[in-house]
Amino acid sequence: EAQVTQNPRYLITVTGKKLTVTCSQNMNHEYMSWYRQDPGLGLRQIYYSMNVEVTDKGDVPEGYKVSRKEKRNFPLILESPSPNQTSLYFCASSLIGGEQFFGPGTRLTVL
Amino acid sequence: AQSVTQLDSHVSVSEGTPVLLRCNYSSSYSPSLFWYVQHPNKGLQLLLKYTSAATLVKGINGFEAEFKKSETSFHLTKPSAHMSDAAEYFCVVSDRRYNNNDMRFGAGTRLTVKP
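Top line first, the protein sequences correspond to chains A and B. Position in the first sequence (first residue = 1) + 18 = the working numbering. Position in the second sequence (first residue = 1) + 977 = the working numbering.
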């Protein structure tokens, strides 16, 4: 089944404790992206990647890192999480110029 | 710069009555426009998309939207609401100069369907 998977789905952590949210797609898509969803703001793009080893900042990149060492994986790294990063995170992938497919979301709480 | 405004944060309808979710967009170039739906505790699912072909776009589950360039609108409609339509809906604009990968989301409209 074609899909985008994210892990973990739910995470509660404390300020400053490094964490990684994984994202994987099995559709051989070049493009992958991370968004955060906050009430009243819709989805805002954090980082995106047009292909392996090619990443760029979205609208709200501060406090996040990404890497794209393999085509299928695009992990999101929070080196030192803070409470304002409490949010619902979505990973998405697509062919260049195509419809974006979204993962199920990761709900992160930073205490 | 491109942007999207969803004119209603919450819409409530009765089952069997029409649905109208309003979206206005701003784009310097020919846009692509999308509607996504998010059911509670689920990811986003594409309902329909406009990418410069027919201005009236039909999507899944009986939804459709009409691209009106003169009004810069892309409203989502459905003739008869079903209880399963209760969800959050996002209007999205993207710039075809960047291969549609620079997507801008509206703030969302929560649709409630009353029995």
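From the three backbone atoms N, C-alpha and C, an ideal C-beta is built for every residue, glycine too. Fair warning: this is a prediction, and the values are worked out from it, not measured in the lab.
For the pair A:Phe92 and A:Met50, the CB atoms are nearer than the 8 Å cut-off. Comparing alpha carbon positions, the residue from B:Val1034, B:His1052, B:Gly1039 and B:Glu1065 closest to B:Thr1089 is B:Glu1065. Listed as beta-bridge partners of B:Thr994 by DSSP are no residues whatsoever. Put simply, of A:Thr33, A:Glu80, A:Thr23 and A:Cys41 the residue whose alpha carbon is nearest the alpha carbon of A:Ser98 is A:Thr33. Between the stretch 1048 to 1061 of chain B and the stretch 999 to 1009 of chain B there are three or more inter-stretch CB-CB distances shorter than 8 Å, so the stretches are counted as touching. Listed along chain A are Gly60, each with a C-beta nearer than 7 Å to that of B:Gly1083. In the three-state reduction of the DSSP assignment, B:Met1080 falls in the strand class. Remark: three or more beta-carbon pairs, one from each stretch, lie closer than 8 Å, so the stretch 37 to 57 of chain A and the stretch 96 to 112 of chain A are flagged as touching. For B:Lys1035, DSSP records a beta bridge to B:Glu1041. If you draw a straight line from the Cα of A:Met68 to the Cα of B:Val1014, it is about 25 Å long.
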